[in-house]
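Residue numbering for the sequence shown follows the working numbering, starting at 6 and increasing by one per position. Quick reminder that beta carbons are idealized off the backbone N, C-alpha and C, glycines included. These notes concern the structure reproduced below.
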Amino acid sequence: MIQDKLKTLNQKVYPQYNFFPPKWIVLGVNNICNLHCKMCDVGTESYETTFAQNLVGTHPINMPLELLKHVIDQVATYFPKAKLGYAFTEPLIYPHLLESLVYANNRGLYTMVTTNALTLKQKAAKLVEAGLHEICISLDGTAAIHNEIRGNKKSFEKAVEGIDALNAFDSSPDITLIYALTEWNIDCMLPFLEFFKNHKIARVAFMHTQFTDTKVAEVHNSKYGHLYRATISNIQELDFSKMNLDKLLENIRYIKTNSYPFEVFFSPEISTADQLTTYYFQTGKILGRHCPDVFSNMMIKSDGSVIPSHGRCYNLTVGNLYEESLQTIWNSSVFNKLRKDIMQAGGYFDACSRCCSGFNGYGTNK
């Protein structure tokens with residue numbers, strides 16, 4: 006499309022000013038979670054990391070409803086085609102979720118919630134009534150494995166009950182299941198897909214582990230730490246030497262050659278043993294082409310501060326909704342400097358190497 010080509014040209018030739026509106030406004034509506042996931046800095050209480058700080062490092066714990074309504078009004082005014090993503094830390098326990106969804110729906114905005122679905126069954130009817138368009142549910146295997154990873158003996162069963170409760174309505178939101186691949190759940194991939202064949206699911210996304218290791222953080226900080234500090238992230242309980250990459254590749258190939266009643270994809274799309282080895286053990290190698298998300302997303306925390314992209318990006322305040330409009334923040338001097346610096350660095354910084362935004366084009370043979 007012509008517009009896509011113009012966006013690419015903007016990013017490459019003049020990244021210090023973004024001529025295009027955001028696609029997503031990511032909402033950090035609260036700073037607490039009701040699970041203890043083994044592959045997450047919040048779940049392992051590693052609160053000093055950038056990822057954890059982006060999720061739980063601000064106050065108040067819950068974004069005030071007045072602030073969220075202000076955000077919604079600003080999006081509707083300046084960026085009406087942008088989508089609202091309730092992503093952090095666990096939106097279903099945010100006390101103003103339903104009222105804010107109704108408010109956003111009345112302003113004509115698209116809404117998505119990312120959740121562990123622990124309390125979805127109790128809220129399903131209200132979510133449908135509020136007009137929620139899409140829901141992403143994090144599930145990391147069949148019952149025993151998922152419950153072990155998530156630190157709750159019934160989390161899988163409760164999520165499935167919630168999915169069934171949603172699907173009892175004709176106007177249920179679009180459902181995506183997000184499966185975070187780790188050393189613990191490679192053997193569950195095929196049984197997981199079989200289990201959900203009889204459920205109304207739009208798609209299943211297998212996400213390769215997203216992390217920053219010590220070496221990458223050190224290399225990054227030697228170059229960019231004075232501006233965009235990086236920390237280790239999401240590796241406290243992971244041991245990649247225990248990843249059965251042969252089995253993982255076998256499963257990927259099997260899934261790719263079989264059909265399911267829903268879309269199945271991987272992020273990134275890895276199809277060879279060498280690519281898997283590079284991804285998990287050659288972390289200094291940047292994958293993909295450049296980060297598109299700093300040009301298309303921004304995240305708002307519970308205190309009104311805005312950071313680039315989403316929770317995995319740098320803990321860099323590019324503006325605050327209590328002081329400036331969303332339109333002004335989108336092209337603030339701090340935000341635009343980050344965009345320019347990233348593009349001058351080749352499209353990614355070192356610490357971007359295993360972020361979900363960094364997989365543009367990797368594994369697609371392009």
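Between the C-alpha atoms of cysteine 296 and serine 307, what's the straight-line distance to the nearest angstrom? Counting from 1 along the sequence shown, the entry for residue 296 is found at position 291. Counting from 1 along the sequence shown, the entry for residue 307 is found at position 302. So the alpha carbons of these two residues sit roughly 25 Å apart.
Please classify aspartate 192: does DSSP put it in a helix, a strand, or coil? If you number the sequence shown from 1, residue 192 lands on position 187. Three-state result, aspartate 192: helix.
Ranges of the alpha helix (DSSP H) found wholly within the region 298-354, counting only runs of at least 4: The qualifying runs are 331-335, 338-349.
How many Å lie between glutamine 127 and lysine 12 at the Cα? As a working note, residue 127 is residue 122 in the sequence shown. As a working note, residue 12 is residue 7 in the sequence shown. Spanning the two alpha carbons is a distance of roughly 42 Å.
Smallest Cα separation from glycine 62: which of Asp46, Ile77, His75, Glu71? Residue 62 sits at position 57 when you count from the first residue of the sequence shown. Ranking the options by Cα distance to glycine 62, first place goes to Asp46.
Report buried or exposed for leucine 232, applying the criterion of at least 16 other Cβ atoms within 10 angstroms of its Cβ. The residue labelled residue 232 in the question sits at position 227 within the sequence shown. Exposed, by the Cβ-count rule.
Short check: CB of glutamate 131 to CB of tyrosine 108, under 7 Å? Sequence index remark: in the sequence shown, residue 131 carries index 126 (1-based). Sequence index remark: in the sequence shown, residue 108 carries index 103 (1-based). One point to set straight first is that residue 131 is lysine, not glutamate, in the sequence displayed. Cβ distance not < 7 Å, so lysine 131 and tyrosine 108 don't count as in contact.
Does the count of Cβ pairs from the region 352-366 and the region 216-236 closer than 8 Å reach three? yes
Considering Cα atoms alone, identify which of Ala185, Val209, Ala207, Asn121 is closest to glutamate 166. The residue you call residue 166 lines up with position 161 of the sequence shown. Glutamate 166 has its Cα closest to that of Asn121, out of Ala185, Val209, Ala207, Asn121.
Just reading off the alpha helix (DSSP H) that phenylalanine 56 is part of, what are its end residues? Here residue 56 refers to the residue found at position 51 when the sequence shown is read from its first residue. Counting along the chain, the alpha helix (DSSP H) containing phenylalanine 56 begins and ends at 55-61.
Let me know the secondary structure DSSP gives aspartate 169 once reduced to three states. Translated into positions along the sequence shown, residue 169 becomes position 164. In the structure shown, aspartate 169 sits in a helix (DSSP, three-state: H, G or I).
Hey, would you say phenylalanine 267 sits closer than 7 Å to arginine 208, going by beta carbons? The residue given as residue 267 occupies position 262 in the sequence shown. The residue given as residue 208 occupies position 203 in the sequence shown. In this structure, arginine 208 lies closer than 7 Å to phenylalanine 267 by Cβ.
Report yes if the C-beta distance between tyrosine 83 and leucine 32 is below 7 Å; otherwise report no. Translated into the one-based positions of the sequence shown, residue 83 becomes position 78. Translated into the one-based positions of the sequence shown, residue 32 becomes position 27. No, the Cβ-Cβ distance between tyrosine 83 and leucine 32 is not below 7 Å.
Can you find the residues in the same chain that come closer than 7 Å, C-beta to C-beta, to isoleucine 240, ignoring five residues on each side of it along the sequence? Here the question's residue 240 lines up with position 235 in the sequence shown. If we look at isoleucine 240 and ignore the five residues flanking it on each side, its Cβ neighbours are Phe216, Asp218.
Below 7 Å between beta carbons: does that hold for threonine 147 and phenylalanine 197? Here residue 147 corresponds to residue number 142 of the sequence shown, with the count starting at 1. Here residue 197 corresponds to residue number 192 of the sequence shown, with the count starting at 1. Going by C-beta atoms, threonine 147 is nearer than 7 Å to phenylalanine 197.
Mark asparagine 203 as exposed unless 16 or more other C-beta atoms lie within 10 angstroms of its C-beta, in which case mark it buried. Start at 1 with the first residue of the sequence shown, and residue 203 comes out as number 198. With fewer than 16 Cβ atoms within 10 Å of its Cβ, asparagine 203 is classed as exposed.
Identity of the residues DSSP links to threonine 116 by a beta bridge: Translated into positions along the sequence shown, residue 116 becomes position 111. In the DSSP output, where bridge partners are listed per residue, threonine 116 has Leu89.
From which residue to which residue does the beta strand (DSSP E) around phenylalanine 179 run? Mapped onto the sequence shown, residue 179 falls at position 174. According to the sequence as given, residue 179 is aspartate; it is not phenylalanine. Per DSSP, aspartate 179 belongs to the beta strand (DSSP E) from 179-185.
C-beta atoms of isoleucine 142 and asparagine 190 nearer than 7 Å: In the sequence shown, the residue the question calls residue 142 occupies position 137. In the sequence shown, the residue the question calls residue 190 occupies position 185. In this structure, asparagine 190 does not lie closer than 7 Å to isoleucine 142 by Cβ.
Between the Cα of glutamine 79 and those of Lys252, Asn36, Thr333, Thr55, spot the shortest distance and give me the residue it belongs to. Taking the sequence shown and counting its residues from 1, one reaches residue 79 at position 74. Checked all of Lys252, Asn36, Thr333, Thr55; the closest Cα to glutamine 79 is Thr333.
Where do the N-terminal and C-terminal ends of the alpha helix (DSSP H) with serine 227 fall, by residue? Indexing the sequence shown from 1 puts residue 227 at position 222. Per DSSP, serine 227 belongs to the alpha helix (DSSP H) from 219-229.
DSSP state of cysteine 357, grouped into three classes? Reading the sequence shown from its first residue, position 352 is the one you call residue 357. In the structure shown, cysteine 357 sits in a helix (DSSP, three-state: H, G or I).
Rounded to whole angstroms, how far is the Cβ of valine 118 from the Cβ of serine 176, which I believe are closer than 8 Å? Working through the sequence shown from its first residue, we reach residue 118 at position 113. Working through the sequence shown from its first residue, we reach residue 176 at position 171. In fact, because the Cβ distance is near 15 Å, the residues do not count as touching under 8 Å.
In whole angstroms, what separates the C-alpha of lysine 342 from that of phenylalanine 270? Start at 1 with the first residue of the sequence shown, and residue 342 comes out as number 337. Start at 1 with the first residue of the sequence shown, and residue 270 comes out as number 265. Spanning the two alpha carbons is a distance of roughly 34 Å.
How should glycine 363 be labelled, buried or exposed, when 16 other C-beta atoms within 10 angstroms of its C-beta is the threshold for buried? For this step, residue 363 is matched to residue 358 along the sequence shown. Result: buried.
Could you give the first and the last residue of the continuous beta strand (DSSP E) run that contains glutamate 242? In the sequence shown, residue 242 corresponds to position 237, counting from 1. Looking at the DSSP string, glutamate 242 is not in any beta strand (DSSP E), and its letter there is neither H nor E.
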